[in-house]
Amino acid sequence: MEIGPIWRAMMRNKTGAILIALQIAVTMAIMVNAISIMQERGRVMSRSSGIDEHNIFVITSVGFAEDFNERITIEEDLAMLRVMPGVVNAIQSNSVPLSGGGWSMGLQTEPGAEIEGTGVAIYFVDEHGIDTFGLNLVAGENFDATDITWRERSDTDWPDKTIITRAMAETLYPDDPDGALGKTVYISDTEPLTITGIIEQMQAPWNSWDGVERVMLAPTHTLFGATRYIIRTEPGMRDSLMPQVEELLAERNKNRIVRSMRSMDEIRERSYRGDSSMITILTFTIVLLIAVTSLGIVGLASFSVNRRTKQIGTRRALGASKVAILRYFMTENFIISFLGVLLGAGLTIGLNILMIEAFSLTRIAWYLVPVAMLMLLMVGQVAVFGPARRASSVPPAVATRTV
Amino acid sequence: MLSMQNISMVYRAGMVETHALREFSLEVAEGDFVSVTGPSGSGKTTFLNIAGLLEQFTDGRYELDGRDVSGLSDTESSAVRNEKIGFVFQSFNLIPDLNLFDNVDVPLRYRGFNAAERKRRIEKVLETVGLASRMKHLPSQLSGGQQQRVAIARALAGEPRFLLADEPTGNLDSHMAMSVMELISEINSNGTTIIMVTHDPVLAEMASRNVHILDGRVSDDHPDIQIAQAATA
Amino acid sequence: MFSYYLKLGWLSIRRNPLLSTLMVAAIAVGIGSCMTIITVNYIMSSNPIPQKSDQLFYVQLDSWDPNNEDDDGFEPPEQVTYLDAMALMKADKAYRQIASNRSGLVLEPQGEGERPFAVDTRNTWADFFPMFDLRFIYGSGWDDSADRNLERVVVLSKEINERVFGGEDSVGRSVRLNGMDFQVVGVIDEFLPVPKFYDVTNGAFNEPEEIFIPFNISVEYEFPRNGNTNCWKTPDGDGFEAFLNSECAWIQFWAELRNETEKQDYMTFLNAYAEQQKELGRFPRPLNNQLSNVMEWMEKQEVVDDDAQVMLGLSLLFLLVCLLNTIGLLLAKFLGKSGDISLRRALGASRSSLFIQHMIESGLIGLGGGVLGLGLTWLGLRGIEMLFGDFVKNLVGLDWVMVLTAIGLAILSALLAGLYPTWRACRIAPASQLKIQ
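Residue numbers (the working numbering), protein chains in the order written: chain A, 1 to 403; chain U, 1 to 233; chain W, 1 to 437.
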């Protein structure tokens, strides 16, 4: 390799080289940080909500007429839904995972207003809740029909049983999460609840909450005016059942409207739309960025080949083969790109530190840096190949031309 | 040393054919110093390009140092140029971004010598042309005459069997031209075959033989002109 | 002379179509990506009510839990309780003031066979309309007396009036909401503040509500609350009455204070109110009431989301890459015509005239990049709209400020990029390039 003279010749014309190196460096800083953000979003999006998402949909019923009886409507609706062919089970609940809206309270292991409770998301369900959501009860037992209470919007009473997630048990009893079953916890500072069951996993309605797996089920039907039904279907039946259910509910009682019917898949898509859009935008940015940088390399390399036509001819006359000329330009680009990615590694880490401080993003995975360095070196080689080939086809007779 | 038989060179541009050389034949013996003259457009440069393997010819046969070099591949001709031919150009063709050392180094790199060998040769030839002390200088820091000496040093560094010079003094004033010509004669006296293309009859007479080209053919061949060097010196 | 330089610039651009296209494209891509993101940020951080944003104040009263301290100390709750909202309304100490919250009702159209539908409702007070400069197509807002006398009046949005009354003047007619008749007193013209500053707790970029009714009515009939309700204490007892008297915060409170004096006075009043409540055993925390004008409140609520800012940073870096690219290409181009430059120098062109000539050429390239970049920005915004759907409906418009910014930024970028190459070009010595050629 003839790195020495290439380097010395480059040092005579630094600007172009510096510009390309800087471009590659900044490109790398953007690229690696963007990929890191994408990885983080991907990780967040791939978390399981804990429920049988593909076969569940929700629909809301809102009564408006004076003589609308919410309780009877709920009881009749549920009875009807549960016997519909294709329906596995159905419940009324206040919310579902990923929906973004729900109810949270604090749970504490000792009673008292001065004690800071642990935040927990509450799903009000009946004895069909575990089956409808498709949850995995790992300890204790499900609610019984007799446990179920009815709660008005402004009521403050709590039932005396609850089923919590394992993550919640671990937060409440970090030393002995397995012993949580049967223990009493307090809600609203002093109201006691007995933990009668533990479910493996379920997400709260807010996907960006740091306690996203802290969930409790309360054996309660709510009379909040707007009633949300959660319906789980046999695999493959969901899409055909959705319009049927909507029509049936609307027809069965004219004193209410039904609305906001959504499958869990749609709720998931809406919940993570910001994240998935971010991933798309960042992917697009990276592609554009690499395109711009490559075109820059092509442009400057072409210019440099044009400027050095005579020189290339002379080299050819002095015995350089085509391959030697090709190698010259490829090597030159390699040196520039290598400096670029070295600087880029520094910039990448600097930018990452900034982003961590400003936006509490995560640290980049170490392997992204060498991978990006290699990739950009390759991009440089690919981009310069065209101009380098043009250089290698400069005929040696150019050397004897006087103009 | 060099033998061309019935070489033809036809440039085609669309429907127009230009005959740059027609059935051109020339024999040059080892150790000769041949000057090639002719008016503009006579085919001098084409002859030079073909002799130096910078261009392929259309028809005929060309032997260099006993080897048939007609129809060599691009890579093979590169290797032949590198090993057997030294070039001296009218406008020097030094690489402006490289210092003298690196300029002379260029052909040696392609030859594949190791670093020590290259260094030895570069220092030796720069010594020969009297510029060893300016090895780290850039071409732009030298006078035209000095630049051409560097170019000659570069041509000699690979110890070629023959030297092709294309108007080597064309861009120099008469004083510098003379000193460059002296250098070339000296090289010839050391046994290197030289072909020099020039339009200057005075320089042409400094060679041991003059070939005049007209319309792509040898029109005149003076095998033993007086070596004017002694007379003018 | 300027037009001569323009002509020279244009000729030079045309002489190297590939290089010129690359430069224009590089600037366009940089501007396009940058402006797309800048536009989203610009709209997110724009002033939704510029004419009086510094006279409208969001009121926060610190009635919260003494045992719940953040890392940054005590922060007052984002909303106020019913008790406090009613006390502040009754005191009437500001030039104008409103308590408001969001709910959802069911509207039953009167026509045969028309299905009832849900409407987003804002429960508020008479001052809401003059305070936030709402314009009316028909009628007007309701009077203070309607608030006091629990009159069932309603103000409709343009869309709802269109849907229910076919866009006719519906003042005096009635609409049925949750089984009750309300009398229409006004229909507002389009009202689309971005961000939706008066209630950011329900999403800063959501659509405004479709109908407006007196707050007192919504309490009287216990209409459902669609918004955040935060309680640090469980209400004492069941029932709506207990809820109203609880420490649950669910109401946004705005005061219009026309000058610094009014603001000071109001703050004094709020603090006195808090002190008085302390005596009654409420407000257990240290005194920490806050008044934030519209833009301060937007800042506090961080309505510009992190993603938009991250994207902004990355896109500015992207523009930097495009600029580095352009510098390189311009350098290549200007030095590529050194012969031309040194000839001009030999013919008497001064350095400054060469400087102007090349800066104009750079500017022209910037202009091209800006125009093309504007097109890309438009495409970019459509792309964002496609990705985010109705989440960003109000965030992807291009106004003339953004159009000028795009062109300006492009030209500025190109001039900046042209500076160094131009300087290099001006240093080419006269006739240095003439010798050999």
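Cβ atoms here follow ideal geometry from the backbone N, Cα and C, with glycine treated the same way.
Requested in this report: Determine the DSSP secondary structure at W/A429, reduced to helix, strand or coil.
Outcome: Translated into positions along the third sequence, residue 429 of chain W becomes position 429. Residue state for W/A429 is assigned as coil, using DSSP reduced to three classes.
Requested in this report: With DSSP collapsed to three states, give me the class of A/P219.
Outcome: The residue labelled residue 219 of chain A in the question sits at position 219 within the first sequence. A/P219: strand per DSSP, three-state reduction.
Query raised in the report: W/D84: buried (16+ other C-beta within 10 angstroms of its C-beta) or exposed?
Result: Here residue 84 of chain W refers to the residue found at position 84 when the third sequence is read from its first residue. The residue is buried, with at least 16 neighbouring Cβ atoms inside 10 Å.
Query raised in the report: In three-state terms, what does DSSP make of W/F212?
Result: If you number the third sequence from 1, residue 212 of chain W lands on position 212. W/F212 falls in the strand class under three-state DSSP.
Query raised in the report: By how many angstroms is the C-alpha of U/G86 removed from the C-alpha of U/K119?
Result: Counting from 1 along the second sequence, the entry for residue 119 of chain U is found at position 119. Counting from 1 along the second sequence, the entry for residue 86 of chain U is found at position 86. Spanning the two alpha carbons is a distance of roughly 18 Å.
Query raised in the report: The beta strand (DSSP E) spanning W/Y58 covers which residue range?
Result: Looking up residue 58 of chain W in the third sequence gives position 58. First-last of the beta strand (DSSP E) with W/Y58: 56-60.
Requested in this report: Could you round the C-beta distance between W/A204 and W/Q301 to whole angstroms and report it? I think they count as a contact, below 8 Å.
Outcome: For this step, residue 204 of chain W is matched to residue 204 along the third sequence. For this step, residue 301 of chain W is matched to residue 301 along the third sequence. Right, the Cβ-Cβ distance comes to about 7 Å (below 8 Å), so this counts as a contact.
Query raised in the report: Taking the C-alpha atoms as reference points, what is the distance between A/E213 and A/M373?
Result: As a first step, residue 213 of chain A is located in the first sequence; it is residue number 213 there, counting from the start. As a first step, residue 373 of chain A is located in the first sequence; it is residue number 373 there, counting from the start. When rounded, the distance between both Cα atoms is 38 Å.
**Report entry** Beta-bridge pairing of U/A13 - partner residues as DSSP gives them
**Finding:** As a working mapping, residue 13 of chain U is identified with position 13 in the second sequence. Its beta-bridge partners are U/V16.
Query - Pick from W/K233, W/L319, W/L314 that is closest to A/T156, judged by C-alpha positions - result: Translated into the one-based positions of the first sequence, residue 156 of chain A becomes position 156. Cα-wise, what sits closest to A/T156 is W/K233.
Query raised in the report: Starting from A/Y272 and walking both ways along the alpha helix (DSSP H), at which residues does that stretch end?
Result: Here residue 272 of chain A refers to the residue found at position 272 when the first sequence is read from its first residue. Counted as a single uninterrupted DSSP element, the stretch harbouring A/Y272 is not any alpha helix (DSSP H), since DSSP gives it neither H nor E.
Query - Cα-Cα separation, A/I231 to A/N89 - result: Numbered from its first residue, the first sequence carries residue 231 of chain A at position 231. Numbered from its first residue, the first sequence carries residue 89 of chain A at position 89. Roughly 6 Å separates the two Cα atoms.
Report task. Give the straight-line distance between the Cα atoms of U/M1 and A/Q311, rounded to the nearest whole angstrom. Result -> On the second sequence, position 1 is the one that residue 1 of chain U refers to. On the first sequence, position 311 is the one that residue 311 of chain A refers to. The straight-line gap from Cα to Cα measures roughly 29 Å.
Query raised in the report: Is DSSP giving U/N99 helix, strand or coil here?
Result: Counting from 1 along the second sequence, the entry for residue 99 of chain U is found at position 99. In the structure shown, U/N99 sits in coil (DSSP, three-state: anything other than H, G, I, E or B).
Query - For W/V371, the three-state DSSP class (helix, strand or coil) - result: Numbered from 1 along the third sequence, position 371 holds the residue referred to as residue 371 of chain W. Looking at W/V371 - three-state DSSP - the assignment turns out to be helix.
Query raised in the report: Name the chain A residues that come within less than 9 Å of W/Q79, Cβ to Cβ?
Result: Position 79 of the third sequence, counted from the start, is the residue given in the question as residue 79 of chain W. Neighbours of W/Q79 on chain A: none; closest Cβ ~16 Å, over 9 Å.
Query - Enclosing beta strand (DSSP E) for U/M196 [first to last residue] - result: Reading the second sequence from its first residue, position 196 is the one you call residue 196 of chain U. Counting along the chain, the beta strand (DSSP E) containing U/M196 begins and ends at 193-197.
**Report entry** Residues in the segment 15-35 of chain A having any Cβ partner in chain W nearer than 8 Å
**Finding:** T15, G16, L19, I20, L22, Q23, V26, T27, A29, I30, N33, A34
Requested in this report: Starting from the Cα of W/E108, find the closest Cα among W/Q51, W/I31, W/R163 and give me that residue.
Outcome: As a working note, residue 108 of chain W is residue 108 in the third sequence. The residue with the shortest Cα to Cα distance from W/E108 is W/R163.
Query raised in the report: Since A/A388 is in the alpha helix (DSSP H), which residue starts that stretch and which ends it?
Result: For the purposes of this step, residue 388 of chain A is taken as residue 388 along the first sequence, with counting starting at 1. That run of the alpha helix (DSSP H) goes 368-392.
Query raised in the report: Which first and last residues belong to the beta strand (DSSP E) in which A/T118 is found?
Result: Counted from its first residue, the first sequence places residue 118 of chain A at position 118. Note, A/T118: beta strand (DSSP E), 118-125.
Query raised in the report: Between W/A462 and chain A, is there a C-beta pair that is closer than 8 Å?
Result: The requested residue 462 of chain W does not occur in the structure, where chain W is confined to residues 1 to 437.
Query raised in the report: Whole beta strand (DSSP E) runs in the segment 257-342 of chain W with 3 or more residues, listed along the chain?
Result: 290-293
Query raised in the report: How would you list, in chain order, the residues of chain W whose beta-carbon sits under 7 Å from the beta-carbon of A/R259?
Result: For the purposes of this step, residue 259 of chain A is taken as residue 259 along the first sequence, with counting starting at 1. What A/R259 touches in chain W: A118.
Query raised in the report: Does W/Q301 come within less than 8 Å of chain A when only Cβ atoms are used?
Result: In the third sequence, the residue the question calls residue 301 of chain W occupies position 301. No, its Cβ sits nowhere closer than 8 Å to a Cβ of chain A.
Query raised in the report: Out of curiosity, what's the CA-to-CA distance linking W/G375 and W/G369?
Result: Within the third sequence, residue 375 of chain W is the residue found at index 375, counting from 1. Within the third sequence, residue 369 of chain W is the residue found at index 369, counting from 1. W/G375 and W/G369: Cα-Cα distance of roughly 10 Å.
Report task. Mind listing the chain U neighbours of A/N13? Cutoff is C-beta to C-beta under 8 Å, in chain order. Result -> Residue mapping note: residue 13 of chain A aligns to position 13 of the first sequence, counting from 1. Residues of chain U whose Cβ lies closer than 8 Å to the Cβ of A/N13 are, in chain order, D97.
Query raised in the report: Is any beta-carbon of chain W found at less than 8 Å from that of A/V369?
Result: Reading the first sequence from its first residue, position 369 is the one you call residue 369 of chain A. Not an interface residue.
Requested in this report: Identify every residue that forms a DSSP beta bridge with W/Q97.
Outcome: As a first step, residue 97 of chain W must be located in the third sequence, where it is residue number 97. W/A255, per the DSSP bridge assignment.
**Report entry** Paired residues, beta bridge with W/G104 - DSSP
**Finding:** For the purposes of this step, residue 104 of chain W is taken as residue 104 along the third sequence, with counting starting at 1. By DSSP's assignment, W/G104 forms a beta bridge with W/D120.
Query raised in the report: Residues in the segment 328-360 of chain W with C-beta within 9 Å of chain A's C-beta atoms, listed in sequence order?
Result: G328, L329, L331, A332, K333, L335, G336
Report task. Let me know the secondary structure DSSP gives A/W209 once reduced to three states. Result -> Here residue 209 of chain A refers to the residue found at position 209 when the first sequence is read from its first residue. Note: A/W209 maps to coil in three-state DSSP.
Requested in this report: Using a threshold of 8 Å, state whether the C-beta atoms of A/V215 and A/I297 are closer than that.
Outcome: The residue labelled residue 215 of chain A in the question sits at position 215 within the first sequence. The residue labelled residue 297 of chain A in the question sits at position 297 within the first sequence. Cβ atoms of A/V215 and A/I297: not closer than 8 Å.
Query raised in the report: Count the other CB atoms within 10 Å of the CB of W/L11; is the residue buried (16 or more) or exposed (fewer)?
Result: What you label residue 11 of chain W is simply residue 11 of the third sequence in a count that begins at 1. The residue in question, W/L11, is exposed, as its Cβ has fewer than 16 Cβ neighbours within 10 Å.
Query raised in the report: Taking just the CA atoms, how far does W/A425 sit from U/T75?
Result: Here residue 75 of chain U is taken as the residue at index 75 of the second sequence, counted from 1. Here residue 425 of chain W is taken as the residue at index 425 of the third sequence, counted from 1. Roughly 39 Å between the two C-alpha positions.
Query raised in the report: Are the C-beta of A/V394 and some C-beta of chain U separated by less than 8 Å?
Result: Along the first sequence, read from residue 1 onward, the residue named residue 394 of chain A stands at position 394. Not one chain U Cβ lies under 8 Å of A/V394.
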